[in-house]
Amino acid sequence: MTALLSFLPILAVGVLLVGFRLPASRAMPVSYLVAAGLALFVWQVPGVQVAAASIKGLSLTLRLLFIIFGAILLLNTLKHSGALAVIRNGFTNISADRRVQVIIIAWLFGAFIEGAAGFGTPAAVTVPLMVGLGFPAMAAVVAGMIIQSTPVSFGAVGTPILVGVNKGLAGDESVKTAVADMGFGQWDGFLAFVGFKVALLHAIVGTLIPLLLVVFMTRFFGKNKSAHEGLAVWPFALFASFALTVPYVLVARFFGPEFPSLLGALIGLAIVVPVAKRGWLMPKGEPWDFPPRTEWEAGWTGGMEIDLKSGQAGEPPKVGVFTAWLPYLLLAGLLVLTRLEALPLKAWLRCIQLKWNVFGTGIFVDETPLYVPGTVFIVVSLIAVALHRMNGPGVGAAWGESLKTTAKASVALLFTVPMVQVFLNTGVVPTTFETWIGFRYTDGSGLAGYEKMPIALANGVAALAGGAYPLLAPALGGFGAFVAGSNTISNMMFSLFQFEVAVKIGIDATWMVALQAVGGAAGNVICVHNVVAASAVVGLPGREGEVIRKTLLVFVYYALAAGVIGFVFLKLGLLPPGG
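Position 440 (the sequence shown) corresponds to 1218 in the numbering used here; numbering is contiguous.
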């Protein structure tokens, strides 16, 4: 019964968002109230602890919104300076074959934007870019959603790992003890190790994503509706896949979870673009293209037209190719430099730390504002203003649009993240708080004596699935991303759950958490929030269901493949345990 009750906040999200088709701004407050009500009246967690968990959730929300704002600000700055138009134009000179274009723009460039910004930004950049190059709007949205899988676990400079997995596990004493027993002296080392495992799983499963991408283009949007026309470019598609995933894994191993998508995509672009220009690894014959616009189906087109020549105030852009790309190069460089332990920049940025034991409950708000990637985004945006010699109206428009976009994203997050924190903090209360209320808690339980929600849920699922549970772990992570709208939030909700299930069925918990992160990334392919946003960008309102029906096939492949790999390898002992 406690397992079923623990599932109610998540079920509420699914029913309201999918069943009743309510927007997240209306569904997530209800989900928060369900979680808070269960905590207060069933688990009998004191109100002050629920309040403290909610405040911690708001703190994490502000951090996420700061990252979102910085990412959108950089994008809008480049748009109003004309740099984005220059970047778009450069893609048309690489190859006339739409199969090549979609791999370079969606898979490689989209992965780079995901690594730098995350939070749906790749769709905001690549989808209108593809429409501007002549892609049907529906094809562009489907392509933009499919690639939000492999790079997502390391999106926004590793936020799904460094915030999602970290905050999902860090507050649990049993996890800390288990991690110490694995031989990890530092928590950051444990996160990096999990991140490396995530990268390995993604590299295996994600190998086919570029090929699936072109098959979807030719099968659903080609004149002949032929999957064979997509499969014909398999040498180039696999080459482009390995050009990203091989450096992606190496970066995860040697640099940590901040940079795999960011640097892997940059290296992949540097390798693939010259090959594409020379036409290598491509089948002989005419370049593949969509049918003439007059033959497009009614559902393919949207209400958006892209002017590839406009810069500030509609003028032709005055920015050169190198100068247009320079902000992105600076962004990558600064993010790398500020994350390397060997350099003093990381310590300098982390010297300002805000830490608060909220109401003495042992629930901590711990922030280092200068170290948050949003700061780097804003700094680079200001540099771009000078580099591109932007005028006042252009700068004002970029800031105004970014604030409005961030504000629209804030309502759902203001309830989603606190809901997650209430969900996680329905258990043990430290001694400093026990003296306030005159009770002593049983470890891991509220006053009612029930185990906290994630553990109760873990018990129920583990009892049902038993030793076969690894098959389901990625699907659960994907479900979390689908309903919550974020791989980061899915990891926050379910990392502890996955860890506890692994302990209960006697398998390596780090691999189970890795399967969670991989599934949570794949869930972005069908995430309602992302589909709605991508469709709105190119004027396709009301077509979200059609997009999800297509991308659902990719999610099923990704979650099932990851689950089978994890299950087989764990059962056969082919994956090394622990640290």
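Ideal placement from N, C-alpha and C gives every residue a C-beta, glycine not left out.
* **V1136 in three-state terms, based on DSSP** => Position 358 of the sequence shown, counting from 1, holds the residue named residue 1136. Residue state, collapsed to three classes: helix.
* Asked: According to the Cβ coordinates, are M995 and V1309 closer than 8 Å?
  -> For the purposes of this step, residue 995 is taken as the residue at position 217 of the sequence shown. For the purposes of this step, residue 1309 is taken as the residue at position 531 of the sequence shown. If you check the CB distance, M995 and V1309 do not come in under 8 Å.
* Asked: In angstroms, rounded to a whole number, what distance separates the CA positions of A1295 and N1135?
  -> Reading the sequence shown from its first residue, position 517 is the one you call residue 1295. Reading the sequence shown from its first residue, position 357 is the one you call residue 1135. The alpha-carbon atoms of A1295 and N1135 are separated by roughly 28 Å.
* **Three-state secondary structure (DSSP) of D959** => Along the sequence shown, read from residue 1 onward, the residue named residue 959 stands at position 181. DSSP places D959 in helix when its eight states are reduced to three.
* If you draw a straight line from the alpha carbon of G961 to that of F1100, how long is it in whole angstroms? -> One-based indexing of the sequence shown puts residue 961 at position 183. One-based indexing of the sequence shown puts residue 1100 at position 322. Cα to Cα, G961 sits roughly 46 Å from F1100.
* Asked: Mapping DSSP to helix, strand and coil, what is D966?
  -> Along the sequence shown, one-based indexing puts residue 966 at 188. Here D966 sits in helix by DSSP.
* To do: Report, in whole angstroms, the separation of the C-beta atoms of A915 and T1139, which I expect to be a contact under 8 Å.
  => Translated into positions along the sequence shown, residue 915 becomes position 137. Translated into positions along the sequence shown, residue 1139 becomes position 361. For a cut-off of 8 Å, the C-beta gap from A915 to T1139 is around 49 Å, too long to register as a contact.
* Asked: Is W1126 buried or exposed, if buried means 16 or more other CB atoms sit within 10 Å of its CB?
  -> Locating residue 1126 in the sequence shown gives position 348, counting from the first residue. By the 10 Å Cβ count, W1126 comes out exposed.
* **F1142: first and last residue of the uninterrupted beta strand (DSSP E) it sits in** => Numbered from its first residue, the sequence shown carries residue 1142 at position 364. In the DSSP assignment, F1142 falls within the unbroken beta strand (DSSP E) covering 1142–1145.
* Asked: Does the Cβ of P1171 have 16 or more other Cβ atoms within 10 Å, making it buried, or fewer, making it exposed?
  -> The count along the sequence shown starts at 1 and reaches residue 1171 at position 393. Taking a 10 Å sphere around the C-beta of P1171, we find fewer than 16 other C-beta atoms and assign the residue as exposed.
* Just mark W821 as buried or exposed, buried being the case when its beta carbon has 16 or more other beta carbons within 10 Å. => The residue given as residue 821 occupies position 43 in the sequence shown. Counting the other CB atoms within 10 Å of its CB gives W821 a total of 16 or more, which places it among the buried residues.
* **First through last residue of the alpha helix (DSSP H) which encompasses G1152** => Counting from one through the sequence shown, the residue named residue 1152 turns up at place 374. For G1152, the enclosing alpha helix (DSSP H) starts and ends at 1151–1165.
* Is there contact between the region 845–855 and the region 1149–1158, where contact requires at least three CB pairs shorter than 8 Å? -> Enough Cβ pairs lie closer than 8 Å, so yes.
* To do: Would you give the residue range spanned by the alpha helix (DSSP H) that T985 belongs to?
  => Numbered from its first residue, the sequence shown carries residue 985 at position 207. Neither: T985 is in no alpha helix (DSSP H) and is coded neither H nor E.
* State the Cα-Cα distance for the pair N867 and V880, rounded to the nearest angstrom. => Translated into the one-based positions of the sequence shown, residue 867 becomes position 89. Translated into the one-based positions of the sequence shown, residue 880 becomes position 102. In a straight line, the C-alpha of N867 is about 14 Å away from that of V880.
* **Three-state secondary structure (DSSP) of L783** => Here residue 783 refers to the residue found at position 5 of the sequence shown. In the three-state scheme derived from DSSP, where H, G and I count as helix and E and B as strand, L783 is classed as helix.
* Asked: Does the Cβ of C1305 have 16 or more other Cβ atoms within 10 Å, making it buried, or fewer, making it exposed?
  -> Locating residue 1305 in the sequence shown gives position 527, counting from the first residue. Its Cβ being crowded by 16 or more others within 10 Å, C1305 is buried.
* Asked: Do F1201 and A813 have their C-beta atoms within less than 8 Å of each other?
  -> What you label residue 1201 is simply residue 423 of the sequence shown in a count that begins at 1. What you label residue 813 is simply residue 35 of the sequence shown in a count that begins at 1. Against a cut-off of 8 Å, the Cβ pair of A813 and F1201 comes out as a contact.
* Start and end of the alpha helix (DSSP H) containing L1293? -> In the sequence shown, the residue the question calls residue 1293 occupies position 515. Annotation: the continuous alpha helix (DSSP H) that includes L1293 extends over 1287–1300.
* Asked: Which residues in the same chain as A760 place their Cβ atom closer than 6 Å to its Cβ, once the five residues preceding and following it in sequence are excluded?
  -> Only positions 779 to 1357 of the chain appear in the structure, and residue 760 is not among them; the question remains open.
* Distance CB(A1337)-CB(G1256) smaller than 8 Å -> In the sequence shown, counting from the first residue as 1, residue 1337 sits at position 559. In the sequence shown, counting from the first residue as 1, residue 1256 sits at position 478. With a cutoff of 8 Å on beta-carbon distance, A1337 and G1256 are scored as near each other.
* **Cβ separation of I925 and G888, assumed to be a contact under 8 Å, to the nearest whole Å** => Counted from its first residue, the sequence shown places residue 925 at position 147. Counted from its first residue, the sequence shown places residue 888 at position 110. With 8 Å as the limit, I925 and G888 qualify as a contact, their Cβ atoms being about 5 Å apart.
* Taking the C-alpha atoms as reference points, what is the distance between P1108 and V1325? -> On the sequence shown, residue 1108 is found 330 positions in, with the first residue counted as 1. On the sequence shown, residue 1325 is found 547 positions in, with the first residue counted as 1. It is worth fixing the name first, because residue 1108 is Leu in this sequence and not Pro. Put simply, the backbone Cα of L1108 is about 35 Å away from that of V1325.
* **Reduced DSSP category for R922 - H, G, I as helix; E, B as strand; rest coil** => Counting from one through the sequence shown, the residue named residue 922 turns up at place 144. It is worth fixing the name first, because residue 922 is Gly in this sequence and not Arg. Helix, per DSSP.
* Do you know whose CA, among I1343, V1346, V1332, lies nearest L989's CA? -> Residue numbering aside, residue 989 sits at position 211 when the sequence shown is read from its first letter. Taking only the C-alpha atoms, the option nearest L989 is V1332.
* Asked: What is the DSSP secondary structure of P1065, reduced to helix, strand or coil?
  -> Locating residue 1065 in the sequence shown gives position 287, counting from the first residue. Secondary structure at P1065: coil, using DSSP grouped into helix, strand and coil.
* Mind checking A1015: buried by the 16 CB within 10 Å criterion, or exposed? -> Locating residue 1015 in the sequence shown gives position 237, where the first residue counts as 1. Buried, because 16 or more other Cβ atoms sit within 10 Å of the Cβ of A1015.
* Asked: Are L911 and T937 close, meaning C-beta to C-beta below 8 Å?
  -> Translated into positions along the sequence shown, residue 911 becomes position 133. Translated into positions along the sequence shown, residue 937 becomes position 159. The Cβ atoms of L911 and T937 lie no closer than 8 Å to each other.
* Which term fits L1285, buried or exposed, when burial requires 16 or more other beta carbons within 10 angstroms of its beta carbon? -> The count along the sequence shown starts at 1 and reaches residue 1285 at position 507. Note that residue 1285 is Ile in the sequence shown here, rather than Leu. By the 10 Å Cβ count, I1285 comes out buried.
* To do: Identify the continuous alpha helix (DSSP H) that holds G835 and give its terminal residues.
  => Position 57 of the sequence shown, counting from 1, holds the residue named residue 835. Segment 825–859, the alpha helix (DSSP H) holding G835.
* To do: Identify whether L1121 lies in helix, strand or coil by the three-state DSSP scheme.
  => Counting from one through the sequence shown, the residue named residue 1121 turns up at place 343. In this structure, L1121 counts as coil in the three-state DSSP scheme.
* Exposed or buried, which one is E1036 when buried takes at least 16 other CB atoms within 10 Å? -> Residue numbering aside, residue 1036 sits at position 258 when the sequence shown is read from its first letter. Buried, since its Cβ has 16 or more Cβ neighbours within 10 Å.
* Measuring from the CB of R1071, is there a heavy atom of the ligand ADP at a distance below 7 Å? -> With respect to the ligand ADP, the structure shown offers nothing to examine, as it has no ligands at all.
* Asked: How is Q879 classed by DSSP in three states: helix, strand or coil?
  -> Within the sequence shown, numbered from 1, the residue matching residue 879 stands at position 101. Under the three-state reduction of DSSP, Q879 is assigned to helix.
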